[in-house]
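The block underneath contains the structure these notes are about, expressed in structure tokens.
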Amino acid sequence: MTDAQVTIVGAGLAGTEAALKLAKQGFRVRLLEQKPVARTPAQSSDNFCELVCSNSMRGAALSNAVGLLKEEMRRLGSQVIEVAHQTSVPAGGALAVDREAFSAEMSRRLRAQPNIEIVSGVVTSLPKERPLLIATGPLTGDELARELAELTGGQLAYYDAIAPIIEADSIDWEKVFIASRWDKGETEEERAAYVNCPLTKEEYQAFVRAILAAPKVEPAAFEEARYFEGCLPVEVMAQRGEQTLAFGPMKPTGLTDPKTGRWPYAVVQLRREDPAGTAYNMVGFQSKMTWPAQAEVFRMIPGLEKAEFQRFGAVHRNTFVNAPRAVDDTWQLRAAEGVYLAGQIIGTEGYVEAAAGGWLAAHFIAACLEGREVTFPPEVTAHHGLLVQTRRGEDNYQPSNITFSHLPPWEGPRLKKRAKYEAMAERSLRALDEFIAGLNKAP
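Per our numbering, residue 40 is the first one in the sequence shown, and the count goes up by one each step.
Shown next as structure tokens:
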């Protein structure tokens, strides 16, 4: 054990993964956790690493980006993934766990680790010790959140507003046109930044009726139905009147359809999600419709009849910083040296992504404490994809699950989607194995 100490706030997935990794490397860890003194409205147990929503860690196949991320974590020695497999329950092609057994075993491991000191109590301000890792999750306490907001210049949000992402090769390019509003943009690339799906009056009216009739996700008990006017769910806008969407995210002004020479009655705009254009997000289409309903309703849009979704829309309670502006490449606050963030507070959405983010933060902190140069996972890996995700979209940053659009595009022979993703996963794992070999050689 070294004399170096790391302070971590929060014993959720990110904080626990980070604490166990650092402790295993010989660092002393002071883990501050409000349980059992207090709980968030979402929590029901005094165990750490509590899974408050689903018990699923999602798809296990390598053709799924989160499946790739889990396999990378397994190879990197993630204790969260190890325990998830130990406590798994049958779930088809997904990794699901007995949530009580999972949390109990993670708690046991934390308490059994001699390098970890667990301090119970509510943290209302940033501790003075450095390095400090904040991993307080989506329901970060108000006082601590206010301090983070001050440190980040107000770059903190309390609700996310996630728009769906669509596979580029599932778009019917014969039915859409490429243009920016009023042909704005200094370069040809900027003027071609948007894909536009035109709707007739009849198509628009049927689309609005379908949105209104679709089943919606009910807010959790700890969520209030408070929305910002700038990021309303599409169904809330539709409820305000038939024409609200046509004067909002679906307004056609300045978008001339080259097939007709006129503006359409309404337009759904798609914006490039990654530099290579392998995926597009539906601009302004954050939604609380159920996922099956989103697939059915959004496939009514001309050009999207066979749309394949990398993620669906969502709006829910979620405290997170504007990562591209608030933190550097090692997730250290730009305004507070030695203060790192990880998990959902930085916008890595999902159980698996949060835990992987905890591993990354611990990796960065260990390099700092040992006085060595920080190394980053290879660009083709899903772990590097998490870093990419937290560097994009500073003007409208939103949390995201890992998707293949966060990785460099496949440049090999043309393959069908599943085969392409499997090839990308193989590429990732080869590079990761080389990265791990380098870590093992480090003094």
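Glycine residues also receive a C-beta, built at the ideal position from the N, C-alpha and C atoms.
Note that the structure is a prediction, hence the values are computed from the model and not measured.
Checklist entry - For the alpha helix (DSSP H) that contains methionine 145, what are its first and last residues? => result Taking the first residue of the sequence shown as 1, we reach residue 145 at position 106. First-last of the alpha helix (DSSP H) with methionine 145: 138-151.
Checklist entry - Taking one C-beta from the stretch 292-300 and one from the stretch 243-254 each time, how about it: are there three or more such pairs within less than 8 Å? => result no
Checklist entry - Considering only C-alpha positions, which residue in the set Gly342, Arg338 and Asp208 is nearest to valine 454? => result Against the sequence shown, residue 454 aligns to sequence position 415. The question names valine, but residue 454 in the sequence shown is leucine. The residue from Gly342, Arg338 and Asp208 with its alpha-carbon nearest to that of leucine 454 is Asp208.
Checklist entry - Pick from Gln82, Arg350, Ala318 and Ala57: whose alpha carbon is nearest that of proline 170? => result In the sequence shown, the residue the question calls residue 170 occupies position 131. Comparing Cα-Cα distances from proline 170 to each of Gln82, Arg350, Ala318 and Ala57, the minimum goes to Ala57.
Next on the checklist: Spatial neighbours of glycine 519 within its chain, please: C-beta separation below 7 Å, excluding the five flanking residues on both sides.
Outcome noted: Given that the chain is displayed from residue 40 to residue 482, the structure contains no residue 519 and the question cannot be resolved.
Checklist entry - Any contact of the stretch 119-130 with the stretch 400-407, i.e. 3+ C-beta pairs under 8 Å? => result At 8 Å Cβ cutoff, the stretches do not touch.
Checklist entry - Which same chain residues, not among the five before or five after lysine 214, have their C-beta less than 6 Å away from its C-beta? => result Your numbering for residue 214 matches position 175 in the sequence shown. Cβ neighbours of lysine 214 beyond the five flanking positions: Pro341 and Gly342.
Next on the checklist: In whole angstroms, give me the CA-to-CA distance for phenylalanine 261 and alanine 184.
Outcome noted: Mapped onto the sequence shown, residue 261 falls at position 222. Mapped onto the sequence shown, residue 184 falls at position 145. Low confidence applies to phenylalanine 261: its pLDDT is 49, below 50, so where it sits in the model is not reliable, and the reading given next is rough at best. Put simply, the backbone Cα of phenylalanine 261 is about 17 Å away from that of alanine 184.
Next on the checklist: Let me confirm a value: glycine 389 is counted as buried when at least 16 other C-beta atoms fall within 10 Å, else exposed. Which label applies?
Outcome noted: Taking the sequence shown and counting its residues from 1, one reaches residue 389 at position 350. Glycine 389 should be labelled buried.
Item to check | Three-state secondary structure (DSSP) of tyrosine 379 | outcome: Along the sequence shown, read from residue 1 onward, the residue named residue 379 stands at position 340. Reduced to three states, the DSSP call for tyrosine 379 is strand.
Checklist entry - Going by the C-beta, is isoleucine 201 closer than 7 Å to any heavy atom of the ligand NAD? => result By its list of ligands, the structure shown contains no ligand whatsoever, and the ligand NAD lies outside what it can speak to.
Checklist entry - Within the chosen definition, does the stretch 136-151 reach the stretch 466-475 through at least 3 CB pairs nearer than 8 Å? => result No, the stretch 136-151 does not touch the stretch 466-475.
Checklist entry - Can you tell which of Trp449, Val419 and Ala315 has the C-alpha that lies nearest to the C-alpha of leucine 468? => result Taking the sequence shown and counting its residues from 1, one reaches residue 468 at position 429. The option with the nearest alpha carbon to leucine 468 is Val419.
Item to check | Residues of its chain near aspartate 211, where Cβ-Cβ distance is below 6 Å and the 5 sequence neighbours each way are ignored | outcome: As a first step, residue 211 must be located in the sequence shown, where it is residue number 172. Here the set comprises Gly342.
Checklist entry - To the nearest angstrom, how far is it from the Cα of aspartate 368 to the Cα of alanine 394? => result Counted from its first residue, the sequence shown places residue 368 at position 329. Counted from its first residue, the sequence shown places residue 394 at position 355. Using only the alpha carbons, I get a separation of about 18 Å.
Checklist entry - Skipping 5 residues on each side, what residues in its chain have a beta carbon closer than 7 Å to that of valine 190? => result By 1-based counting over the sequence shown, the position of residue 190 is 151. Correcting the residue type first, residue 190 is leucine in the shown sequence and not valine. The residues are Leu372, Ala374 and Ala375.
Next on the checklist: Check whether the stretch 109-120 and the stretch 158-178 are in contact - that is, three or more C-beta pairs closer than 8 Å.
Outcome noted: Not touching, per the Cβ criterion.
Checklist entry - Given a threshold of 16 other Cβ atoms within 10 Å of its Cβ, counted over all protein chains shown, does asparagine 163 qualify as buried or as exposed? => result Along the sequence shown, one-based indexing puts residue 163 at 124. Looking at the sequence shown, residue 163 is not asparagine but threonine. Exposed, since its Cβ has fewer than 16 Cβ neighbours within 10 Å.
Item to check | Cβ-Cβ distance between proline 272 and glycine 323 below 8 Å | outcome: Residue mapping note: residue 272 aligns to position 233 of the sequence shown, counting from 1. Residue mapping note: residue 323 aligns to position 284 of the sequence shown, counting from 1. In this structure, proline 272 keeps its C-beta atom at 8 Å or more from the C-beta atom of glycine 323.
Item to check | glutamine 118 in three-state terms, based on DSSP | outcome: Taking the first residue of the sequence shown as 1, we reach residue 118 at position 79. Residue state, collapsed to three classes: helix.
Checklist entry - What three-state label does DSSP hand glutamate 450 in the structure shown? => result On the sequence shown, residue 450 is found 411 positions in, with the first residue counted as 1. Of the three classes helix, strand and coil, the one that applies to glutamate 450 here is coil, per DSSP.
Item to check | Collapsed DSSP secondary structure at serine 467 in the structure displayed | outcome: Within the sequence shown, the letter at position 428 stands for residue 467. Taken through DSSP and simplified to helix, strand or coil, serine 467 comes out as helix.
Checklist entry - How big is the Cα-Cα spacing for glutamate 392 and alanine 100? => result On the sequence shown, position 353 is the one that residue 392 refers to. On the sequence shown, position 61 is the one that residue 100 refers to. Answer to the nearest angstrom: the Cα atoms are 16 Å apart.
Next on the checklist: Can you tell me whether glutamate 186 is helix, strand or coil according to DSSP?
Outcome noted: Position 147 of the sequence shown, counted from the start, is the residue given in the question as residue 186. Note: glutamate 186 maps to helix in three-state DSSP.
Checklist entry - For glutamine 64, which three-state DSSP category applies? => result As a working note, residue 64 is residue 25 in the sequence shown. DSSP, reduced to helix, strand and coil, places glutamine 64 outside both helices and strands of the structure shown, so it counts as coil.
Checklist entry - Looking only at its own chain, which residues have a Cβ that is under 7 Å from the Cβ of glycine 316, when we skip the five neighbours before and after it? => result Numbered from 1 along the sequence shown, position 277 holds the residue referred to as residue 316. Non-local beta-carbon contacts of glycine 316 in its own chain, meaning distances under 7 Å to residues more than five positions away in sequence, involve Ala207 in chain order.
Next on the checklist: Helix, strand or coil for phenylalanine 261? Go by DSSP, reduced to three states.
Outcome noted: Taking the sequence shown and counting its residues from 1, the one referred to as residue 261 is at position 222. Because the pLDDT of phenylalanine 261 is 49, which lies under 50, any placement of that residue in the model is unreliable, and the number read from its coordinates should be weighed accordingly. For phenylalanine 261, the three-state secondary structure derived from DSSP is coil.
Checklist entry - Do asparagine 320 and isoleucine 157 have their CB atoms nearer than 8 Å? => result For the purposes of this step, residue 320 is identified with residue 281 of the sequence shown, where counting begins at 1. For the purposes of this step, residue 157 is identified with residue 118 of the sequence shown, where counting begins at 1. It is not a contact, given that the beta carbons lie outside the stated cut-off.
Next on the checklist: What would DSSP say about phenylalanine 415, mapped onto helix, strand or coil?
Outcome noted: If you number the sequence shown from 1, residue 415 lands on position 376. Three-state result, phenylalanine 415: coil.
Checklist entry - Since arginine 364 is in the beta strand (DSSP E), which residue starts that stretch and which ends it? => result The count along the sequence shown starts at 1 and reaches residue 364 at position 325. Element bounds for arginine 364: not the beta strand (DSSP E) but the alpha helix (DSSP H), 362-365.
Next on the checklist: What residue range does the beta strand (DSSP E) around proline 237 cover?
Outcome noted: As a first step, residue 237 is located in the sequence shown; it is residue number 198 there, counting from the start. Proline 237 -> beta strand (DSSP E) spans 233-238.
Next on the checklist: Could you compute how far the alpha carbon of alanine 277 sits from the alpha carbon of tryptophan 302?
Outcome noted: Looking up residue 277 in the sequence shown gives position 238. Looking up residue 302 in the sequence shown gives position 263. C-alpha separation (whole angstroms): 21 Å.
Checklist entry - Can you tell me the Cα-Cα spacing of isoleucine 155 and arginine 311, whole angstroms? => result Walking along the sequence shown from the start, residue 155 turns up at place 116. Walking along the sequence shown from the start, residue 311 turns up at place 272. Here the C-alpha atom of isoleucine 155 lies approximately 44 Å from the C-alpha atom of arginine 311.
Checklist entry - Which residues in the same chain have their Cβ closer than 7 Å to the Cβ of glutamate 144, if we skip the five residues on either side of it in sequence? => result For this step, residue 144 is matched to residue 105 along the sequence shown. Once the five neighbours on either side are set aside, the close Cβ partners of glutamate 144 are Val122, Gln125 and Thr126.
Item to check | Range covered by the alpha helix (DSSP H) that runs through valine 306 | outcome: Here residue 306 corresponds to residue number 267 of the sequence shown, with the count starting at 1. For valine 306, there is no enclosing alpha helix (DSSP H); the enclosing beta strand (DSSP E) has its first and last residue at 305-311.
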